[in-house]
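Down below is the structure, laid out as structure tokens.
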Amino acid sequence: MKLYLSFTLLFAGMLSAATPAALLKTARSTGDPSYLAQAETEIDGILARAPLDFDAKKMRVAVHLAQHRYSEALAEATVLNKQMPDDNLLYGYIADAQIALGNYSAAEKATQWMIDQRPVNAPGLQRGARLREVFGYNEPALEWWNSSLRLTSSADREERAWIFVNISRVHLRLGKTAEAEKDARQALALVPAYPWALDALAAAKPAEASEILAGRAPDLASRYHVAKALEGAGKPAAWQSWESDAVARISAPDNVNRELIEYYATHGKLDQAITLGAEETTRREDIDTLTAYASALYAAGQLSQARRQVERALAPGIRDPRLLLLAARIAADLQDKVAASKYLKQAIEINSTSPYADQALKLLAKLS
Amino acid sequence: MMALPASSFAASHREAPLTALDHAADITDFYAFRSYDDPSKVTFILNVDPLLEPANGPNYFPFDPSIVYAIHIDNTYDAVEDVSFEFRFTTTIRAPGLFTAFVGVGNGVNAPANAPITQTSSPGNIPLNAQVLPPAITALDGPGSAGLSLQQTYTVTMVQGSGDKAVRTDLTGGKKLIAVPSNVGPRTMPNYPALAKQGIFGLGDGITVFAGTVDDPFYIDLGAAFDSFNFRMNNFFAGATSPSGVALPVLSRTQDANDATNYNVDMVSGYNVNSIAIEVPISMVTQNGKPVIGTWGTTSRLRTTVRPTDPDVNPSAADFVQVQRMGNPLINELIIGTGSKDTWSMTPPSQDAQFAPYALDPLIARALNAAFGVAVPDPPRTDLLPLVQYAGPFAGPGSSPGPIADLLRLDTSAMPAAKTSRKRLGLLAGDTAGFPNGRRVSDDVTDVALRVVAGVLCSACTTGGAPFNAANVPLLGDGVNTNDVAYQETFPYVGWAHSGRDRRHVDPGETACAPNCP
Chain Y
1 MKLYLSFTLL
11 FAGMLSAATP
21 AALLKTARST
31 GDPSYLAQAE
41 TEIDGILARA
51 PLDFDAKKMR
61 VAVHLAQHRY
71 SEALAEATVL
81 NKQMPDDNLL
91 YGYIADAQIA
101 LGNYSAAEKA
111 TQWMIDQRPV
121 NAPGLQRGAR
131 LREVFGYNEP
141 ALEWWNSSLR
151 LTSSADREER
161 AWIFVNISRV
171 HLRLGKTAEA
181 EKDARQALAL
191 VPAYPWALDA
201 LAAAKPAEAS
211 EILAGRAPDL
221 ASRYHVAKAL
231 EGAGKPAAWQ
241 SWESDAVARI
251 SAPDNVNREL
261 IEYYATHGKL
271 DQAITLGAEE
281 TTRREDIDTL
291 TAYASALYAA
301 GQLSQARRQV
311 ERALAPGIRD
321 PRLLLLAARI
331 AADLQDKVAA
341 SKYLKQAIEI
351 NSTSPYADQA
361 LKLLAKLS
Chain B
1001 MMALPASSFA
1011 ASHREAPLTA
1021 LDHAADITDF
1031 YAFRSYDDPS
1041 KVTFILNVDP
1051 LLEPANGPNY
1061 FPFDPSIVYA
1071 IHIDNTYDAV
1081 EDVSFEFRFT
1091 TTIRAPGLFT
1101 AFVGVGNGVN
1111 APANAPITQT
1121 SSPGNIPLNA
1131 QVLPPAITAL
1141 DGPGSAGLSL
1151 QQTYTVTMVQ
1161 GSGDKAVRTD
1171 LTGGKKLIAV
1181 PSNVGPRTMP
1191 NYPALAKQGI
1201 FGLGDGITVF
1211 AGTVDDPFYI
1221 DLGAAFDSFN
1231 FRMNNFFAGA
1241 TSPSGVALPV
1251 LSRTQDANDA
1261 TNYNVDMVSG
1271 YNVNSIAIEV
1281 PISMVTQNGK
1291 PVIGTWGTTS
1301 RLRTTVRPTD
1311 PDVNPSAADF
1321 VQVQRMGNPL
1331 INELIIGTGS
1341 KDTWSMTPPS
1351 QDAQFAPYAL
1361 DPLIARALNA
1371 AFGVAVPDPP
1381 RTDLLPLVQY
1391 AGPFAGPGSS
1401 PGPIADLLRL
1411 DTSAMPAAKT
1421 SRKRLGLLAG
1431 DTAGFPNGRR
1441 VSDDVTDVAL
1451 RVVAGVLCSA
1461 CTTGGAPFNA
1471 ANVPLLGDGV
1481 NTNDVAYQET
1491 FPYVGWAHSG
1501 RDRRHVDPGE
1511 TACAPNCP
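For the record, the sequence lines run as chains Y and B. Mapping of the first sequence onto my numbering: position 225 corresponds to residue 225, and the numbering continues sequentially without gaps. Mapping of the second sequence onto my numbering: position 208 corresponds to residue 1208, and the numbering continues sequentially without gaps.
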């Protein structure tokens, strides 16, 4: 999920925490997590001088979310929410943490309250759009991402770039790769070298991924994407140093365990992938983590287990052709042609002219 | 004087941050009382949309058709509605060629001989001798209503029970219920009272309804209250001081006993408000042997949901989100903290236990103490609990106090007071038919609230650890003792809307103008 945050409302009335806010913004613009550590130090300073500073405490939640310290952030946001139930963005932080942890029902409750409080509210619409994606409403999700874009000032270039990245993801899921590429390029026009836009562009144009991702920020997740892109392009990738760094952070809050599971699964280290997947899914049940674990199990031939995990990933209702293709392959290998056909048809229904639909059609033909 | 919270007073005009942005859903006041002229009935009045300037045309103040306005009654002492009345409005533009929503002159004015040439493409396309200005508006519908271009009709639904099991009954019965427009002025509406009375509709079974723009019956020195309690004390009683020597907004006993005179400026004078009133038989909203009811008003809008809804399916109650509610006056303004006001507005009263800490240690009491040096009781302020439970004078026979919930409680077995014996201070002045036993339009809830918060009902309390003497609570008040226009003694009991052309707001420095100002 990276720095999946909206900062639109963070800065209103945040005089005492202005520097951390700027650092947080810079962290998202550059993808460099060192700014988050600086922001945290600044916040600690503010709270040492003024222990009751609500805005500083709220900013700390945002920093912890950006650092993937979701459980911590959730606990802190819940305390602040009790102090100031009218603070709309705190519900957004609660939703962010719950989404990251895979607690989609709790995330929906928090987001719904955000929207009940303020129906025309960009941060609320953004969380709602993300959940609409999770629940399988891709077009309505697109509608809310676009609404949030219209509500965001043209002066807030980074925020708009961030929204374009999200729109790109939905377009890609719908098989609209040209639109996804266009969205990513619009984000890059707003914030040159915007790391999340580079990721989005690489996803939309995999053939150019290694070039697109060259020069990405040095955080572990980014390094994984760069290495993966280079490997895909037949170029040498710095896997060894990445793996040792990733393993060193395996118990840290801002780990890259999801990427590590995927790395293990695709580099012949299936036992490690499955062990880590099993551990990680006890900590968080978000769709991406469950999908990574299911992929590892599938690669290891543990088909029944793989099926269980992919069904957990699909349970909220998400309609993602890539996930449906994985589910179909698992079902097909289990000789469950009915289920495999169902998943493939669902993948085709999302967009019958997309590259995913092509793959699904081919697999469907094989099944029959 | 130290700085005080900006949000205080004014029964409920723009008290919560979000409703301040949604004026049509903003409940200003809620009233419930046994009808003065028919003690077999009870009247509920829900006022919304604060401080309507009567001259503010051309469309004036329609109700919002996207809002469900509702009055709820709990008669089983669980703070959950057992009977509700819902009002929904529809707007029609009846004469799209008219230049304004309400217009009319005498018997109507035709295009004169020197009228401009008619172009077939012009919107008016009015030939010579054809009517340009319709006759003065003398009726809400039919002859005499041609100039009433913007017309609002409404439906009334009775809901018995709550949630999915509620039974809904349309009370409209095919009648065309028309909301009374604001009083544009004497040329357009030459006999406004007669016009407004046409907005009183009988629905059968003893039910009467009214909806429309009326005089705001609330009275207060609003500006002084919002200016951190900067009351104009030299206008009424100068000289009273607290033990620490701070001048107090206190009335003399003579002034306090005079319910017909204002010693200060009613800053709501000359303003209108949108009012929904319903009078029903008491038996319709009570259960046998349980004369006490708890009641409140709400405004709700259709919810925008994370999960898209099917447009072909009619929305259920759960599809609406509560924008605001009101039971007792001044609860959200005086008691609830600024970080919780919107949440309070959107929460059903049955979940009010979460706000109990605010009631048991009200910030407003501490503010009074800080600003004026007035001794106030120590927390927990259990003396305030009868306002939020079925306790004290509102105890349900044989029932528990029920949950903490902000409901306006009314003992329907208490006879209404005659006009001559009605007291603005209600129960504090020995008038058992007045606030907080329900609330009549004439009750001075500002002065009552100040004194109750200062501890006038606190019989076994301490202050700073020492015994607290409720008899020493000063006669706190804002010096505004009555409304700028007379109330009616019959349904809907409020005064008719001020004329847009001739309205008058009483300003500081003017004669206090009480009562019955033009």
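The beta carbon of each residue, even a glycine, is placed where N, CA and C say it ideally should be.
Consult DSSP for residue i and reduce its assignment to one of helix, strand or coil.
{"i": "B/Leu-1251", "result": "coil"}
{"i": "B/His-1498", "result": "coil"}
{"i": "B/Lys-1290", "result": "strand"}
{"i": "B/Gln-1152", "result": "strand"}
{"i": "Y/Pro-33", "result": "coil"}
{"i": "B/Glu-1279", "result": "strand"}
{"i": "Y/Arg-223", "result": "helix"}
{"i": "B/Tyr-1358", "result": "helix"}
{"i": "Y/Arg-60", "result": "helix"}
{"i": "B/Leu-1407", "result": "coil"}
{"i": "B/Ser-1008", "result": "Since pLDDT at B/Ser-1008 reaches only 33, below the 50 mark, its modelled position is unreliable, and the value read off the structure follows with that caveat. Reduced to three states, the DSSP call for B/Ser-1008 is coil."}
{"i": "Y/Pro-355", "result": "helix"}
{"i": "B/Tyr-1031", "result": "strand"}
{"i": "B/Pro-1050", "result": "strand"}
{"i": "B/Asn-1272", "result": "strand"}
{"i": "B/Lys-1041", "result": "strand"}
{"i": "B/Leu-1203", "result": "strand"}
{"i": "B/Ala-1240", "result": "coil"}
{"i": "B/Arg-1168", "result": "strand"}
{"i": "B/Ile-1364", "result": "helix"}
{"i": "B/Ile-1335", "result": "helix"}
{"i": "B/Asp-1447", "result": "helix"}
How many angstroms separate the CA atom of residue i from the CA atom of residue j?
{"i": "Y/Glu-208", "j": "Y/Ile-99", "result": "31 Å"}
{"i": "Y/Gln-117", "j": "Y/Lys-362", "result": "48 Å"}
{"i": "Y/Lys-342", "j": "Y/Ala-328", "result": "8 Å"}
{"i": "B/Gly-1212", "j": "B/Leu-1427", "result": "30 Å"}
{"i": "B/Asn-1262", "j": "B/Val-1376", "result": "27 Å"}
{"i": "B/Phe-1061", "j": "B/Ala-1032", "result": "24 Å"}
{"i": "B/Pro-1348", "j": "Y/Asn-255", "result": "42 Å"}
{"i": "Y/Ala-293", "j": "Y/Asp-333", "result": "According to the sequence displayed, residue 293 of chain Y carries Tyr and not Ala. Those two C-alpha atoms are separated by around 17 Å."}
{"i": "Y/Asn-166", "j": "Y/Ser-34", "result": "24 Å"}
{"i": "B/Phe-1089", "j": "B/Ala-1024", "result": "12 Å"}
{"i": "B/Arg-1130", "j": "B/Ala-1095", "result": "Reading off the sequence, residue 1130 of chain B comes out as Ala, not Arg. Answer to the nearest angstrom: the Cα atoms are 15 Å apart."}
{"i": "B/Ala-1006", "j": "B/Asn-1230", "result": "Here the model assigns B/Ala-1006 a pLDDT of 32, short of 50, so the residue's position is not dependable, and the following value carries that caveat. Rounded to whole angstroms, B/Ala-1006 to B/Asn-1230 spans 12 Å at the Cα level."}
{"i": "B/Tyr-1271", "j": "B/Leu-1052", "result": "5 Å"}
Using CA coordinates, which residue listed in the options is at the minimum distance from residue i?
{"i": "Y/Ala-27", "options": "Y/Gly-128, Y/Leu-65, Y/Tyr-264", "result": "Y/Leu-65"}
{"i": "B/Ala-1260", "options": "B/Val-1485, B/Val-1445, B/Gly-1500, B/His-1498", "result": "B/Val-1485"}
{"i": "Y/Leu-260", "options": "Y/Pro-236, Y/Ala-227, Y/Gly-234", "result": "Y/Ala-227"}
{"i": "Y/Gly-277", "options": "Y/Ala-204, Y/Thr-291, Y/Gly-268", "result": "Y/Thr-291"}
{"i": "B/Phe-1030", "options": "B/Arg-1409, B/Lys-1341, B/Ile-1364, B/Asp-1227", "result": "B/Arg-1409"}
{"i": "B/Ala-1079", "options": "B/Ala-1024, B/Leu-1330, B/Gly-1402, B/His-1505", "result": "B/Gly-1402"}
{"i": "B/Ile-1220", "options": "B/Val-1494, B/Asn-1481, B/Pro-1492, B/Asp-1507", "result": "B/Asn-1481"}
{"i": "B/Arg-1381", "options": "B/Ser-1066, B/Ser-1242, B/Val-1068, B/Phe-1468", "result": "B/Phe-1468"}
{"i": "B/Phe-1087", "options": "B/Thr-1155, B/Val-1209, B/Pro-1492, B/Phe-1102", "result": "B/Thr-1155"}
{"i": "Y/Ala-203", "options": "Y/Val-170, Y/Pro-192, Y/Leu-220", "result": "Y/Val-170"}
{"i": "B/Asp-1205", "options": "B/Ser-1040, B/Thr-1420, B/Pro-1416, B/Arg-1503", "result": "B/Ser-1040"}
{"i": "B/Ile-1073", "options": "B/Ser-1283, B/Gly-1108, B/Asn-1047, B/Asn-1332", "result": "B/Ser-1283"}
{"i": "B/Met-1158", "options": "B/Leu-1171, B/Asn-1191, B/Gly-1147, B/Ala-1139", "result": "B/Leu-1171"}
Considering only heavy atoms of the ligand NAP, does any lie closer than 7 Å to the CB of residue i?
{"i": "Y/Val-226", "result": "Ligands are entirely absent from the displayed structure, and the ligand NAP is therefore not among its contents."}
Check the DSSP bridge columns for residue i and list the partner residues they point to.
{"i": "B/His-1072", "result": "B/Ser-1084, B/Trp-1296"}
{"i": "B/Thr-1463", "result": "B/Ala-1466"}
{"i": "B/Phe-1435", "result": "Note: B/Phe-1435 sits in no beta bridge, so no partner."}
{"i": "B/Val-1321", "result": "B/Arg-1301"}
{"i": "Y/Gln-117", "result": "DSSP output for Y/Gln-117 lists no bridge partner at all."}
{"i": "B/Thr-1490", "result": "The partner list for B/Thr-1490 (beta bridge, DSSP) is empty, contrary to what the question assumes."}
{"i": "B/Gln-1160", "result": "B/Val-1083, B/Val-1167"}
{"i": "B/Thr-1090", "result": "B/Thr-1153"}
Write down every uninterrupted run of the alpha helix (DSSP H) in the stretch 235-294 of chain Y whose length is 4 residues or greater and which is fully enclosed by it, in chain order.
-> 239-248, 257-266, 270-283
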